[in-house]
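I have placed the structure first, in the form of structure tokens, so that the comments after it can refer back to it.
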Amino acid sequence: MTTPQITLYGCAPAFGLPDPSPFVTKTEVQLQMANLPYRKVFAIPPEAPKGKLPWIEDAGEVVCDSTFIRAHFERKYGIDLDAGLDARQRAEAWAVERLAEDHLYWAMVWFRWVDPANFAKGPAHFVDAAPAAMRERLRADMQAAKQNELHAQGLGRHSPEQIAALGTRSIDALAVLLGERIHLFGDRPHAADAIAFSVLAAILTPFFDSPLRAAAGRHANLVAYVARMMQVYYPAHAWPQPQAAAA
Ligand SMILES: N[C@@H](CCC(=O)N[C@@H](CS)C(=O)NCC(=O)O)C(=O)O
């Protein structure tokens, strides 16, 4: 087997999370699931070949997008993160990934970037290193750019209550799909667990308050799932442990 020399480009811990980007976290967890050694290097989206994090370099080969990164290392190193799943389960796993990445992620982004209180305590600080006189302008531009993305995606056209209602449906669906299992497809983790965990952690972080956090917090199984995975993949990261159910 070729020795992996993978460099993962992502952010630094922020917002009570090992990485503010669920996509970077997804890739980092999947690399660990695959037992592939990697080093993580700090980068910002404008430095990325396609303008988004994560991307990797593997022995000179550059791969962008978490889904292509997974496909790359599965192919190159002969790994199948979904080993043991049948065709129907693999289809369900893809549907879960799309729900988490193309729907729930965007609802989370709205409450992180557009909600004024969350924006002020979170993303607004991304420009703290800029000269004081420029900061307010940079913050306004950054928030407007995210609002444009949300408008193009579609969720940004709705009221906060409607976005919360749509996001809550995805959270409730994940809670039903997980049920009493340890992972989405049973005892062992598979690839879809990496993104379900990452997006749910981004919602459940105590750093931000939002109706999505309240919705996820109502599902004891999701709260326990995120805490369990955080413990396995980021044992050094401080994360609130769920309260034991009252006897
Ligand atoms: N489809 C991509 C999505 C990556 C993505 O949206 N990354 C965000 C961070 S969570 C980003 O870099 N955003 C910066 C931007 O859009 O300018 C993947 O799976 O890697």
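Note that our numbering has the sequence shown beginning at 1369, numbered continuously upward.
Just so it is clear, CB atoms sit at the ideal spot from N, CA and C, and this is done for glycine as well.
Report yes if the C-beta distance between residue i and residue j is below 8 Å; otherwise report no.
{"i": "residue 1590", "j": "residue 1543", "result": "yes"}
{"i": "residue 1576", "j": "residue 1383", "result": "yes"}
{"i": "residue 1424", "j": "residue 1376", "result": "yes"}
{"i": "residue 1398", "j": "residue 1508", "result": "no"}
{"i": "residue 1574", "j": "residue 1603", "result": "no"}
{"i": "residue 1580", "j": "residue 1539", "result": "yes"}
{"i": "residue 1597", "j": "residue 1605", "result": "no"}
{"i": "residue 1491", "j": "residue 1510", "result": "yes"}
{"i": "residue 1374", "j": "residue 1406", "result": "yes"}
{"i": "residue 1475", "j": "residue 1534", "result": "yes"}
{"i": "residue 1532", "j": "residue 1467", "result": "no"}
{"i": "residue 1426", "j": "residue 1440", "result": "yes"}
{"i": "residue 1404", "j": "residue 1445", "result": "yes"}
Is the closest heavy atom of ligand 1 to the C-beta of residue i under 7 Å?
{"i": "residue 1535", "result": "no"}
{"i": "residue 1487", "result": "no"}
Who are the Cβ neighbours of residue i in its own chain at under 6 Å, not counting the five residues just before and after it?
{"i": "residue 1536", "result": "1583"}
{"i": "residue 1578", "result": "1479"}
{"i": "residue 1601", "result": "1397, 1400"}
{"i": "residue 1327", "result": "The question about residue 1327 has no answer, for the chain in this structure spans 1369 to 1615."}
{"i": "residue 1587", "result": "1543"}
{"i": "residue 1457", "result": "1553"}
{"i": "residue 1592", "result": "1610"}
What residues in its chain sit with their C-beta under 8 Å from that of residue i, if we drop five residues either side in the sequence?
{"i": "residue 1387", "result": "1378, 1379, 1380, 1381, 1393, 1396"}
{"i": "residue 1515", "result": "1481, 1482, 1524"}
{"i": "residue 1413", "result": "1419, 1420, 1421"}
{"i": "residue 1614", "result": "Confidence at residue 1614 is low in this model, with a pLDDT of 48, below 50, so its placement is unreliable and no value can be given for it."}
{"i": "residue 1389", "result": "1378, 1379, 1421, 1422"}
{"i": "residue 1486", "result": "1479, 1480, 1576, 1577, 1578"}
{"i": "residue 1548", "result": "1589"}
Residues in its own chain within less than 7 Å of residue i by CB, not counting five upstream and five downstream?
{"i": "residue 1594", "result": "1565, 1568, 1569, 1572"}
{"i": "residue 1545", "result": "1464, 1552"}
{"i": "residue 1611", "result": "none"}
{"i": "residue 1488", "result": "none"}
{"i": "residue 1430", "result": "1417, 1423"}
Exercise for the section: Could you tell me whether the segment 1452-1468 touches the segment 1400-1420, where touching means 3 or more Cβ pairs closer than 8 Å? Expected result: no
Handout entry: Sequence-ordered residues whose beta carbon comes within less than 5 Å of a heavy atom of ligand 1
Key = 1389, 1391, 1413, 1420, 1421, 1433, 1434
Practice task
Check whether the segment 1552-1560 touches the segment 1448-1458, taking contact to mean three or more Cβ pairs, one atom from each stretch, closer than 8 Å.
Solution key: yes
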